[in-house]
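Numbering (the working numbering), first residue to last: 9 to 436.
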């Protein structure tokens, strides 16, 4: 099948949220492109046929935030290892934040990362360029050159900007080139040295807290400057209820702002920190049950229009330190689908709505033509069994990072096939 030029996927329930197609129907691929959906054209003779009976056939997933650790931190993971993990998770397109080493602030680094992903051949890797040179928070990067080199957006990752004037100038510069700006709203002075949500759990455990105001103050400042500049801005990894309300208000006023949420923030709360489990040390922190419920409601209402993995693999030593000194982040590519499907189990979303959060909606945010199954589209396809139950173990993880609080838990929904440009890159 790997070398098949003409492929027929039959018997599966094809769900393409971009077009609204939802039916048990055949999907035909030729030379890496979808040539028919719903019926087999006359004269179409497949080289290979995949029987997807009882399974879902969807566009490959688009992940808006995944750190693959290369270049610069290959002791943690590599582009080859993590794109293989992405393929196992049905993810065909990944957005890489700019805080690699070297930083993605030149066309050369952006090109290098894309070339390495092409060599690995497991997923498409789209770099997010640095908003400021070396992410120093002060001097603007050559955004136009970064866009020309394939960067789908610019951002400053988790690094703070020097002052609001820098943000205003950056937004204005990006707006002139119609370049998306990705912001992770967090006021560094309010966050200070915190490592957990400022609340009852952090107080009981003696952990320094990060108040929700660290997120909402930064968000309010950015929204004010967006109105002045007219820039397109996407807010990544929203974590609290008040931020959802602020974003809903901005969207109702017609502002060009979108936002995503990490899948683990839709499941876990600060209560997961009770045993000082460093695998639950994430940034932004896991917040209250009320915040978690508001995030889920924000997804259901469309205020948060994408779910990302916020994948951050670590070597074992990074999670062995005391909680506050441990490396933040979860190895999350392989749990993105089942965690999102839990929103369906909980009756918050229909299955097509959940798939949209992983496919056409994130693709629209970054302005790429993946995440859909229309005729003529590139054949990036995920086939998954929505009823398959499986247990996450260290041995089952393809990612080099085993830092996840979900080890030993049972999930429902498992990817069986992933195709990139019509080529099979994963088969269960």
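Think of the CB as a built atom: it goes at the ideal place given N, C-alpha and C, for glycine as much as any other residue.
Report the partner residues of residue i according to the DSSP bridge assignment.
i	result
residue 217	204
residue 242	190 and 266
residue 136	161
residue 21	32 and 64
residue 431	428
residue 58	17
residue 393	422
residue 42	37
residue 148	140
residue 399	418
residue 232	According to DSSP, residue 232 bridges with nothing at all.
Just to confirm, is the Cβ distance from residue i to residue j under 7 Å?
i	j	result
residue 50	residue 360	no
residue 176	residue 233	yes
residue 408	residue 60	no
residue 367	residue 384	no
residue 223	residue 180	no
residue 75	residue 113	no
residue 188	residue 161	yes
residue 229	residue 292	no
residue 101	residue 65	no
residue 278	residue 303	no
residue 256	residue 334	no
residue 424	residue 432	no
residue 146	residue 170	yes
residue 202	residue 216	yes
If you compare alpha carbons, which of the options is closest to residue i?
i	options	result
residue 305	295, 417 and 351	351
residue 139	409, 171, 20 and 165	165
residue 16	55, 209 and 22	55
residue 341	113, 91, 371 and 200	91
residue 329	338, 84, 434 and 284	284
residue 343	300, 399 and 106	399
residue 364	272, 280, 316 and 53	316
residue 244	237, 384 and 252	252
residue 248	236, 261, 229 and 206	206
residue 130	373, 358 and 97	97
residue 196	221, 150 and 369	221
residue 355	151, 424, 307 and 430	307
residue 226	214, 156, 212 and 191	191
residue 200	401, 65, 71 and 219	219
residue 270	319, 228, 309 and 239	319
residue 57	25, 19 and 83	19
residue 369	216, 323, 312 and 339	312
residue 260	273, 289 and 309	309
residue 413	78, 272 and 159	272
residue 213	89, 119 and 282	282
residue 44	151, 156 and 22	22
residue 235	216, 264 and 246	264
residue 393	89, 246 and 345	345
Under 8 Å by Cβ, that's how I've got residue i and residue j pegged, so tell me the actual separation to the nearest angstrom.
i	j	result
residue 381	residue 42	6 Å
residue 81	residue 116	With 8 Å as the limit, residue 81 and residue 116 do not qualify as a contact, their Cβ atoms being about 19 Å apart.
residue 374	residue 132	Going by Cβ atoms, the distance from residue 374 to residue 132 rounds to 11 Å, so no, they are not a contact pair.
residue 268	residue 314	4 Å
residue 95	residue 426	5 Å
residue 396	residue 416	Residue 396 to residue 416, Cβ: 17 Å. No contact.
residue 371	residue 37	19 Å between Cβ atoms; not a contact.
residue 67	residue 390	7 Å
Exercise. Fully enclosed by the region 281–350, which beta strand (DSSP E) runs are 3 residues long or longer?
Worked result: DSSP runs (the beta strand (DSSP E)) wholly in the region 281–350: 314–316.
Problem set entry | Runs of alpha helix (DSSP H) wholly within the region 63–145 (minimum 4 residues, chain order) | DSSP runs (the alpha helix (DSSP H)) wholly in the region 63–145: 87–96 and 115–128.
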